[in-house]
Amino acid sequence: MSTATVPAPELTIMDRLPEGFLQASARDLHRLLPGPTLIELPGERKAPLFVSILLHGNEDSGLGAMQRVLAKWQDRPLPRSLMLMVGNIAAASEGLRRLDSQPDYNRVWPGAEPHLAEVPEARLMAAVHRRVVERGAFAALDLHNNTGRNPHYAVVTHRDPQVLALAALFARRAVLFLGLPGTQTASFDGLVPAITAECGQPGLPANAKAAARLVEAVLTLDTLPQATPERDALELFHTIGVVHVRPGIAFDFGKEACALNFSPTLDRLNFQMVDAGTPFGTTSLPRPLEVIDEAGCDIADDLFAVEDGTLRLTRSALPAMLTVDPQIVKQDCLCYLMERI
Ligand SMILES: [Zn+2]
Numbered sequence: 122m123s124t125a126t127v128p129a130p131e132l133t134i135m136d137r138l139p140e141g142f143l144q145a146s147a148r149d150l151h152r153l154l155p156g157p158t159l160i161e162l163p164g165e166r167k168a169p170l171f172v173s174i175l176l177h178g179n180e181d182s183g184l185g186a187m188q189r190v191l192a193k194w195q196d197r198p199l200p201r202s203l204m205l206m207v208g209n210i211a212a213a214s215e216g217l218r219r220l221d222s223q224p225d226y227n228r229v230w231p232g233a234e235p236h237l238a239e240v241p242e243a244r245l246m247a248a249v250h251r252r253v254v255e256r257g258a259f260a261a262l263d264l265h266n267n268t269g270r271n272p273h274y275a276v277v278t279h280r281d282p283q284v285l286a287l288a289a290l291f292a293r294r295a296v297l298f299l300g301l302p303g304t305q306t307a308s309f310d311g312l313v314p315a316i317t318a319e320c321g322q323p324g325l326p327a328n329a330k331a332a333a334r335l336v337e338a339v340l341t342l343d344t345l346p347q348a349t350p351e352r353d354a355l356e357l358f359h360t361i362g363v364v365h366v367r368p369g370i371a372f373d374f375g376k377e378a379c380a381l382n383f384s385p386t387l388d389r390l391n392f393q394m395v396d397a398g399t400p401f402g403t404t405s406l407p408r409p410l411e412v413i414d415e416a417g418c419d420i421a422d423d424l425f426a427v428e429d430g431t432l433r434l435t436r437s438a439l440p441a442m443l444t445v446d447p448q449i450v451k452q453d454c455l456c457y458l459m460e461r462i
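Residue numbers (our numbering): 122 to 462.
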C-alpha cells in the first residue's frame with residue numbers, strides 16, 4: 122500500500138466531459154482530472170441527478186456505468202441534467218480504496234464523525250453537497266463495489282417510499298443502515314432521495330452494466346414513484362452489527378499459523394441466512410472480534426463464541442459485504458450481520 126502523502130485535494134468543477142473520459146480506466150483518470158471533480162452537464166429536465174463514482178478508488182463499476190450512459194447520449198441532450206462527482210482519483214490511480222494518508226471519501230460527507238468533520242476532504246464534500254441541494258436534485262446515487270462475492274443490493278439510510286422505490290429500481294434487496302455517519306447517502310437524508318448501489322465485484326462488465334441500467338432508469342424518469350415497493354419487489358434488511366477484528370490481532374484467510382485464521386471461502390455466505398453454530402474460522406484467542414451495533418455498543422458476545430479453537434456464530438444472521446481481503450478488513454470491516462425487516 123502507498124504511504125505517499127498527497128496534498129489536500131481541491132474541488133474542480135467542469136461543465137463538460139474532459140477529452141478521453143469515456144475511454145479512460147480508473148487508474149488513468151488522474152491524467153485527465155487533477156483531483157476530485159464535479160462534472161455538471163445540462164439535460165432536458167432541469168432538476169439534476171447527482172451521481173458519485175470512485176469515492177473508493179478501487180471500485181470501478183460506477184465509472185464503467187457512467188461511460189456507457191454518457192456514450193449513449195453523446196450526440197443529443199441528456200434526458201435530465203447530471204451532476205457527476207468523480208471521487209478519489211489519487212487512490213484510483215493505484216487501484217486502492219484510499220491511500221493511507223487519506224480519510225475514507227465515503228465517511229467525510231456532512232454529518233461525519235467529529236474527528237473527520239474538519240478535514241480538507243470534508244470541506245470539499247460539503248461544497249459538493251451544498252451545490253446538489255441548492256440545485257434541487259431529483260435523486261442522489263452513489264455507485265460502489267464489494268470486494269467479496271455479493272449479489273447486487275442497494276443501501277438506504279431512510280425508509281421514505283421514494284428512497285425505497287429508487288432502491289427497487291436497482292435490485293430486489295436493500296439494506297437499511299443507520300449509524301454510519303458521513304456517507305454520501307446518509308448526508309442527503311430528508312433532503313434528496315438517495316441510495317448507494319453496491320454493484321458486486323469491480324472489474325466486471327456485467328456489474329457496470331447493472332449500474333448503468335439504474336442511472337439510465339433514473340435519468341429518464343419524470344417523477345419518482347410515491348408508493349413503497351411491494352415486498353416481492355424489494356426485500357429490506359437491517360444491520361445487527363458491523364464485525365471488525367479487534368485491533369492488534371494478527372489474522373488472515375486460510376493461514377493456520379495466524380492467531381485468527383478465517384475460512385478462505387467465507388464470502389460464499391454473503392446474503393445467505395446463516396444458522397447459529399456456523400464456523401467462521403479457527404483461533405487461539407477467546408474474543409478476537411468486535412461487533413458494533415447501530416448504537417455504537419460492542420455486542421460481540423451476543424453473536425460469536427470460541428469453542429475448542431473454533432470461532433462460531435451463536436445466533437442466526439445474514440452476513441453481507443463479507444470480504445476475504447485482509448486489507449479491506451483492516452480499512453473497513455470483516456462484514457455486516459443483518460436480519461430481515
Ligand atoms: Zn465502496
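Backbone N, C-alpha and C define an ideal beta-carbon position, used for all residues, glycine too.
Tell me, please, which residues DSSP counts as bridged to residue i.
i, result
"Ala-295", "Ala-275 and Leu-357"
"Val-109", "The requested residue 109 is not part of the displayed model; the chain covers only 122 to 462."
"Gly-111", "The displayed coordinates of the chain run from 122 to 462. Any statement about residue 111 would go beyond what the structure contains."
"Thr-133", "Thr-158"
"Thr-317", "Asp-263 and Val-276"
"Asp-419", "Ile-413"
"His-365", "Glu-411"
"Phe-425", "Leu-434"
"Tyr-457", "Val-363 and Ala-441"
Skipping 5 residues on each side, what residues in its chain have a beta carbon closer than 8 Å to that of residue i?
i, result
"Met-459", "Val-296, Phe-358, His-359, Thr-360, Ile-361, Ala-438, Leu-439, Pro-440 and Ala-441"
"Trp-230", "Ala-243, Met-246, Ala-247, His-250, Gly-303, Thr-304, Gln-305, Ala-307 and Ser-308"
For residue i versus residue j, is the C-beta distance shorter than 8 Å?
i, j, result
"Leu-424", "Phe-401", "no"
"Cys-456", "Val-366", "no"
"Leu-205", "Val-172", "yes"
"Val-313", "Val-254", "yes"
"Leu-143", "Ala-192", "yes"
"Asn-266", "Gly-321", "yes"
"Asn-382", "Thr-349", "no"
"Pro-198", "Glu-165", "yes"
"Asp-98", "Gly-324", "Because the chain is modelled from 122 through 462, residue 98 falls outside the range shown and cannot be assessed."
"Arg-408", "Ala-421", "yes"
"His-177", "Asn-227", "yes"
"Asn-271", "Glu-319", "yes"
Would you mind reading off the limits of the alpha helix (DSSP H) that contains residue i?
i, result
"Ile-462", "Neither: Ile-462 is in no alpha helix (DSSP H) and is coded neither H nor E."
"Ile-449", "447-452"
"Arg-189", "182-193"
"Arg-219", "Note, Arg-219: premise wrong, no alpha helix (DSSP H); not H, not E."
"Thr-341", "326-341"
"Gln-305", "305-308"
If I follow the unbroken beta strand (DSSP E) through residue i, where does it start and stop?
i, result
"Gly-164", "164-174"
"Arg-201", "199-207"
"Glu-255", "Careful: Glu-255 lies outside any beta strand (DSSP E), inside the alpha helix (DSSP H) at 241-255."
"Phe-372", "372-374"
Can you name, in chain order, every residue of its own chain whose Cβ lies under 6 Å from the Cβ of residue i, other than the five neighbours on each side?
i, result
"Ser-123", "Caution applies to Ser-123, whose pLDDT of 47 falls short of 50 and renders its modelled position unreliable; the model cannot decide the point."
"Asp-136", "Glu-161"
"Ala-168", "Gly-257 and Phe-259"
To which residues of the same chain is residue i closer than 7 Å at the C-beta, ignoring the five residues directly before and after it?
i, result
"Leu-345", "Ala-260, Gln-283, Ala-286, Leu-287 and Pro-314"
"Leu-154", "Thr-133, Pro-139, Val-207 and Ile-210"
"Gly-269", "Asp-388, Asn-391, Met-442, Leu-443, Thr-444 and Val-445"
"Leu-184", "Ala-147, Ile-174 and Leu-175"
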